[in-house]
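Per the numbering used here, the sequence shown starts with residue 15, numbered consecutively. Have a look at the structure below, then the notes.
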Amino acid sequence: MLVLASSSPRRAEILRYFSLPFIQHPSHFDESVILFHKDPESYAKELAEKKASLVTDTFSQEVVLAADTVVYFKEKIYNKPKNPEEAFTMLLELSNQWHVVITAVAVCKKDVCYSALEKSYVLFNPLTEEQIRLYHKSDPCLDKAGGYGIQGSGSILVNRIIGCYYNIIGLPINLVADLLSKMQVNLWHYLKKS
Numbered sequence: 015m016l017v018l019a020s021s022s023p024r025r026a027e028i029l030r031y032f033s034l035p036f037i038q039h040p041s042h043f044d045e046s047v048i049l050f051h052k053d054p055e056s057y058a059k060e061l062a063e064k065k066a067s068l069v070t071d072t073f074s075q076e077v078v079l080a081a082d083t084v085v086y087f088k089e090k091i092y093n094k095p096k097n098p099e100e101a102f103t104m105l106l107e108l109s110n111q112w113h114v115v116i117t118a119v120a121v122c123k124k125d126v127c128y129s130a131l132e133k134s135y136v137l138f139n140p141l142t143e144e145q146i147r148l149y150h151k152s153d154p155c156l157d158k159a160g161g162y163g164i165q166g167s168g169s170i171l172v173n174r175i176i177g178c179y180y181n182i183i184g185l186p187i188n189l190v191a192d193l194l195s196k197m198q199v200n201l202w203h204y205l206k207k208s
């Protein structure tokens with residue numbers, strides 16, 4: 015049984031594309047204890063590893079999968095917004111700009127842990143304040159890094175992407191498959207029949 019150390023419905027939905035049995039058990043790791051020091055990759059990787067480690071303490075016999083997604087723009091990290099005003103400001107700043115979405119993934123069991131990350135690049139359309147308000151009315155996005163989701167109605171924000179779409183959602187499945195294989199879990203054996 016796989017343990018998904020996340021409360022994200024989007025990460026769980028991606029895992030449900032496969033028949034691999036899993037449970038969700040959020041880590042409740044206090045992300046504020048990890049300080050950002052101008053390196054978004056190390057920051058995301060450390061967060062994913064800490065989340066996985068915390069849940070591995072509870073599920074020592076299971077493979078634990080954790081992830082952390084950050085949006086990075088102009089030397090600044092955009093995590094989940096604290097309130098609607100911060101979400102609004104994030105989208106205003108990202109309007110008509112390229113930004114980087116980094117998802118770090120950690121897969122652990124007992125004392126063994128593998129981690130890696132994926133980077134994708136997103137170009138937003140030019141957005142008016144009214145468009146941002148209308149978007150946040152349809153999806154407040156307080157549970158999403160950068161204050162937006164690329165899927166669903168959030169697709170109207172995006173002009174183009176370079177990289178992995180699933181990374182932008184929060185779980186780069188090819189990277190996950192690679193890391194799980196190091197734990198002798200072959201995701202190819204869990205393909206669902208159409």
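Just so you know, even glycine gets a beta-carbon here, dropped at the ideal spot from N, CA and C. Bear in mind the structure is a predicted one, so any value in this text is a computation, not a measurement.
Residues bridged to residue i [DSSP beta-bridge criterion]
i, result
"Tyr92", "Val85"
"Gln38", "Leu18"
"Ala118", "Asp82 and Leu131"
"Leu205", "Phe32"
"His113", "Val136"
"Val199", "According to DSSP, Val199 bridges with nothing at all."
Where the alpha helix (DSSP H) through residue i begins and ends
i, result
"Lys151", "Glu143 to Ser152"
"Asn188", "Ile187 to Ser195"
"Lys65", "Pro54 to Thr72"
"Ala159", "It is not in any alpha helix (DSSP H) - Ala159 carries neither H nor E in the DSSP assignment."
"Ile48", "Element bounds for Ile48: n/a, residue is neither H nor E."
"Glu99", "Pro98 to Leu108"
"Asn181", "Tyr179 to Ile183"
Distance, residue j Cα to residue i Cα
i, j, result
"Ile146", "Met197", "43 Å"
"Ser33", "Val84", "28 Å"
"Lys90", "Asn200", "36 Å"
"Ala130", "Gly163", "22 Å"
"Gln165", "Ala26", "15 Å"
"Ser169", "Tyr179", "11 Å"
"Ile28", "Ile187", "8 Å"
"Asn93", "Val172", "18 Å"
"Glu107", "His203", "43 Å"
"Asp125", "Leu141", "47 Å"
"Ser56", "Asn110", "27 Å"
"Tyr128", "Glu144", "44 Å"
The beta strand (DSSP E) enclosing residue i, as first and last residue numbers
i, result
"Glu132", "Val126 to Phe138"
"Arg25", "Segment Pro23 to Leu29 is the alpha helix (DSSP H) holding Arg25; no beta strand (DSSP E) there."
"Val172", "Val172 to Ile176"
Closer than 7 Å: residue i CB and nearest the ligand COA heavy atom
i, result
"Asn173", "Absent from the structure shown: the ligand COA. Ligands present: none."
Option in the options with minimal Cα separation from residue i
i, options, result
"Pro23", "Ser169, Ala81, Ser195 and Leu205", "Ala81"
"Phe73", "Glu100, Pro40, Pro54 and Asp53", "Pro40"
"Ser21", "Val172, Glu143 and Phe36", "Phe36"
"Glu45", "Gln38, Asp53, Ala58 and Lys52", "Ala58"
"Ala62", "Leu185, Asp157 and Ala191", "Leu185"
"Ser167", "Val17, Tyr149, Asn93 and Gln38", "Tyr149"
"Ala159", "Pro54, Val126 and Lys124", "Pro54"
"Tyr86", "Tyr204, Thr103 and His113", "His113"
"Pro215", "Cys155, Leu108 and Lys64", "Given that the chain is displayed from residue 15 to residue 208, the structure contains no residue 215 and the question cannot be resolved."
"Val17", "Val136, Val121 and Arg174", "Val121"
"Lys206", "Glu100, Val119 and Tyr31", "Tyr31"
"Lys133", "Lys151, Ser67, Ala118 and Gln38", "Ala118"
"Lys52", "Val190, Val69 and Lys88", "Lys88"
"Lys75", "Met15, Ser195 and Val115", "The question names Lys, but residue 75 in the sequence shown is Gln. It is Met15."
"Ile175", "Leu137, Lys151, Ile48 and Leu189", "Leu137"
Beta carbon proximity, residue i to chain C, threshold 8 Å
i, result
"Gly184", "Annotation note: the requested chain C is absent from the structure, which comprises a single protein chain."
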